[in-house]
Amino acid sequence: MKPYDRKDYFLSTKFTPVFADSGDDPVRDMLAGSLKRLHTDYIDLYWIHNSDDVEKWTPELIPLVKKGLVKHVGVSNHNLAQVKRANEILNAGGVELAAVQNHYSLLYRQSETTGLLDYCHQNGITFFPYMVLEQGILAGKHDAAHPFEGENDRARRYNPMLPQLNELLAKMIELAAQHHVAVADIATAWVIQKGTTPIIGVTKQHYIADTKHAISLTLTSAEMKALESLADQANVDTRAVWEQNMNQ
Ligand SMILES: NC(=O)c1ccc[n+]([C@@H]2O[C@H](COP(=O)([O-])OP(=O)(O)OC[C@H]3O[C@@H](n4cnc5c(N)ncnc54)[C@H](OP(=O)(O)O)[C@@H]3O)[C@@H](O)[C@H]2O)c1
């Protein structure tokens, strides 16, 4: 990013409670490390990466905003009650909660069913879904006949689910052909139409072009409903090991 003016790009990084040091101010220390490594003097959006001890860590964000080291703050992997509480704590210090980052995809809709997404919309909080493509199983390259290769977490977690996804994937392939977009764009357009700003794991340059197509793609409400119904019928649980059950 060095050739670009700092104000022309948006930089986000996070505080991860589990990596907090034992000093007086672990949030300040972790941010200082990020600023140094990223060669910048401010972060546009700074996250608390999980909901370990909302009462302890959330207030620590307030001075970072007041000092201009961080422009906006967000929380990740928090449930509805924890998001509300984080927002209250920040508001009491004169800071707004700007963003929530949770796992959300056609196959994993807890943030929707628990009312968290509605809460974000009602309170001007941007919802950034991650694992929108379920690490690639909603990208059309893999199915029961073409599972992920190798001995890795992705293959271990997702390959057993692939036989249940045949109908959903067939529908996504059909819609992608009708709209002249990549299959991955169907999954991405679906979350965008839910009023969210997806974080996509783009591992190849041409995936960026796909993602741009997804931004301008409009799925009809019948197409949205058909996708949701087939996703429900697939009946798979893609909750990751680090994620809490948001229903509890
Ligand atoms: N807050 C948290 O706890 C948390 C947890 C997980 C992730 N995240 C964030 O979310 C981001 C995305 O997560 P993720 O990468 O795990 O999952 P993802 O976005 O669901 O899946 C990314 C995978 O999908 C494939 N892909 C991406 N774009 C594609 C396209 N246009 N066409 C075909 N395939 C495509 C790629 O697979 P191939 O490389 O095999 O082609 C890539 O590895 C991460 O980078 C991270 O910033 C946050």
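Numbering follows my numbering, with no gaps: position 141 of the sequence shown is 130. Each residue gets a CB set at the ideal place from its N, CA and C atoms; glycine is no exception. Predicted, not measured: the structure shown is a model, and the values here were computed from it.
So the beta strand (DSSP E) residue i belongs to, where does it begin and stop?
{"i": "TYR119", "result": "115 to 119"}
{"i": "ASN236", "result": "Looking at the DSSP string, ASN236 is not in any beta strand (DSSP E), and its letter there is neither H nor E."}
{"i": "ILE32", "result": "32 to 37"}
Along the chain, where does the alpha helix (DSSP H) containing residue i start, and where does it finish?
{"i": "TRP238", "result": "No information on residue 238 is available, as it lies outside the stretch -10 to 237 that the chain covers here."}
{"i": "LYS3", "result": "Counting along the chain, LYS3 falls outside any alpha helix (DSSP H), though it belongs to the beta strand (DSSP E) covering 1 to 4."}
{"i": "LEU106", "result": "105 to 111"}
{"i": "LYS25", "result": "15 to 27"}
When DSSP builds the beta bridges, which residues end up paired with residue i?
{"i": "TYR97", "result": "SER94"}
{"i": "ALA75", "result": "Paired residue(s): none; ALA75 is not in a bridge."}
{"i": "LEU86", "result": "VAL62"}
{"i": "ASP132", "result": "HIS135"}
Is residue i buried or exposed, if buried means 16 or more other CB atoms sit within 10 Å of its CB?
{"i": "ILE32", "result": "buried"}
{"i": "HIS135", "result": "exposed"}
{"i": "GLU138", "result": "exposed"}
{"i": "GLU44", "result": "exposed"}
{"i": "ILE189", "result": "buried"}
{"i": "VAL7", "result": "exposed"}
{"i": "GLN124", "result": "buried"}
{"i": "PRO118", "result": "buried"}
Using a Cβ-Cβ cutoff of less than 6 angstroms, which residues in the same chain neighbour residue i once the five nearest sequence positions on both sides are dropped?
{"i": "ALA223", "result": "GLN153, LEU154, LEU157"}
{"i": "VAL16", "result": "PHE4, GLU49"}
{"i": "ALA220", "result": "LEU95, LEU96, LEU157"}
{"i": "HIS38", "result": "LYS3, THR5, SER65"}
{"i": "ILE175", "result": "MET161, LEU164, ALA165"}
Apart from the five residues just before and just after residue i, which ones in its own chain have a Cβ nearer than 7 angstroms to its Cβ?
{"i": "GLU232", "result": "ASN66, HIS92"}
{"i": "SER205", "result": "none"}
Quick one: residues in its chain with C-beta nearer than 8 angstroms to the C-beta of residue i, no 5 flanking neighbours on either side, listed in chain order?
{"i": "ASP30", "result": "LEU24, LEU58"}
{"i": "THR47", "result": "ILE37, VAL64, ARG74, ALA75, ILE78, LEU79"}
{"i": "VAL225", "result": "LEU96, MET150, GLN153, LEU154"}
(message) Give the list of continuous alpha helix (DSSP H) stretches no shorter than 4 residues that lie fully inside the stretch 40 to 71.
(response) 43 to 46, 50 to 55
(message) Ignoring anything shorter than 4 residues, give me the alpha helix (DSSP H) runs that lie fully in the stretch 141 to 223, in order along the chain.
(response) 142 to 147, 155 to 168, 172 to 182, 194 to 205, 210 to 223
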